[in-house]
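One line per chain: the protein sequences are A and B, in this order.
Be aware that the first sequence starts at 1, since it is given in full-length UniProt numbering, and climbs by one per residue.
Be aware that the second sequence starts at 1, since it is given in full-length UniProt numbering, and climbs by one per residue.
The structure appears below as structure tokens.
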Amino acid sequence: MDFILQPWPWFVGGPLIAISLLLYFYFGQNFGASTNFETMCTILGADKFSDYFNKDWKDQAYALMFVVGLIIGGFIAAYYLIPNQSIDLNPTTVEELKNLGFSNVGNQYFPDEIFGESAYSSLKGFLILIVSGILIGFGTRYAGGCTSGHAITGLSSLQLPSLLAVIGFFIGGIIATWVIIPVLF
Amino acid sequence: MKNIKFLILGIFFAIVLSKVQAISWYRFYEMFKFKSFHMFGIIGGAVVISAIFMQLFKYGKIKDINGNKIVPKPKKKGFINTIFGGTLFGLGWGISGACAAPVFVILGFELIPALILLVGALLGAFFYGLISKKLPN
Chain A
1 MDFILQPWPW
11 FVGGPLIAIS
21 LLLYFYFGQN
31 FGASTNFETM
41 CTILGADKFS
51 DYFNKDWKDQ
61 AYALMFVVGL
71 IIGGFIAAYY
81 LIPNQSIDLN
91 PTTVEELKNL
101 GFSNVGNQYF
111 PDEIFGESAY
121 SSLKGFLILI
131 VSGILIGFGT
141 RYAGGCTSGH
151 AITGLSSLQL
161 PSLLAVIGFF
171 IGGIIATWVI
181 IPVLF
Chain B
1 MKNIKFLILG
11 IFFAIVLSKV
21 QAISWYRFYE
31 MFKFKSFHMF
41 GIIGGAVVIS
51 AIFMQLFKYG
61 KIKDINGNKI
71 VPKPKKKGFI
81 NTIFGGTLFG
91 LGWGISGACA
101 APVFVILGFE
111 LIPALILLVG
121 ALLGAFFYGL
131 ISKKLPN
């Protein structure tokens, strides 16, 4: 039980993610998460605006069940399996984020500056999250996949488009952390 | 209900991502700053072991639940869409620390902020659907 409640080391993560992928394929489907965004758009009526969403979402019911599982798993983890969210960060990261005005650095999974009250009490905080979300939704659809679909499934099956997509992921991520975060905070 | 196995797999995957801290904003920040090996170890490990599974699929050593050969779907091709779409996703990922699966997992941790992210992601997918035919591929 003690091991369950402690943070798990990185070398446990890779194999368990690979096992998730294996089971997903074993159950007869391709591993990935971002297609759910367009399936949900279809369910909400986006097919009235564009043929792109004119799909039978029932074919994606398995993926929606996976999403429901992700949400349930998130609640279980948050409430029962992670008594302490502190993270063992590099001391230079802590210093750097403090200098940008972040408080409580590494004492919880999500910084208050982005995931705290400012998300719904200030326009800036709200815009940071909603615009990030739009970039995630738009970008994964344009690129044809996300971290699970491209970085894990695509790279491991040696697909060139996935390598290009992952290069893009890192270009974007590096611009975000090196340029945009310091401008925003 | 034949899809219940995906529900259980989702719960398992969410717990794994949560316990190895792969949903934490700080972990992605450090990854993009090259200050920690943690996320590279997780993603690299997942890719290497998955690549072994892919070879076992390819040679038919592992078949799916119905006994069929497992063939991963080819990803859509194109240079501009994958690089440029990837970069846009990376910007959102780098700022919020969330990718597609974690957006749902984070609902359990920070409900309202994660809902804002999710609404954004749905709007983003919707915009893409509206203009996809006009975009270069």
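For every residue, glycine included, the Cβ atom is placed at its ideal position computed from N, Cα and C.
Across the stretch 38-51 of chain A, CB contacts with chain B closer than 8 Å involve Glu-38, Met-40, Cys-41, Leu-44, Ala-46, Phe-49 and Ser-50, in sequence order along the chain. The bridge partners DSSP lists for Lys-19(B) come to none. Look at Pro-136(B): its C-beta is not under 7 Å from any C-beta on chain A.
Against chain A, the CB of Tyr-26(B) has a partner CB under 7 Å away; the residue lies at that interface. Of the candidates Gly-14(A), Thr-140(A) and Leu-129(A), the residue whose Cα lies closest to the Cα of Glu-110(B) is Leu-129(A). At a cut-off of 7 Å between C-beta atoms, Asn-107(A) does not count as an interface residue with respect to chain B.
Out of Phe-138(A), Phe-170(A), Phe-3(A) and Asp-112(A), the CA that lies nearest to the CA of Leu-118(B) is found in Phe-138(A).
Put simply, the backbone Cα of Thr-140(A) is about 6 Å away from that of Gly-85(B).
With a cut-off of 8 Å on Cβ pairs, the stretch 62-79 of chain B is not in contact with the stretch 40-57 of chain A, counting fewer than three such pairs. Contact between Ala-143(A) and Asn-81(B) holds, since their C-beta atoms are separated by about 6 Å, short of 8 Å.
Under DSSP, Lys-73(B) shares a beta bridge with no residue. Contact of Val-166(A) with chain B by beta-carbon distance below 8 Å involves Gly-86. Sorting Phe-169(A), Gly-173(A), Pro-91(A) and Gly-32(A) by C-alpha distance to the C-alpha of Lys-35(B) places Pro-91(A) at the top. Distance from Thr-93(A) to Phe-32(B) at the Cβ level is roughly 11 Å; contact not present, criterion being Cβ atoms closer than 8 Å.
Pairing Ile-17(A) with Ile-11(B) gives a Cβ-Cβ distance that is not under 7 Å.
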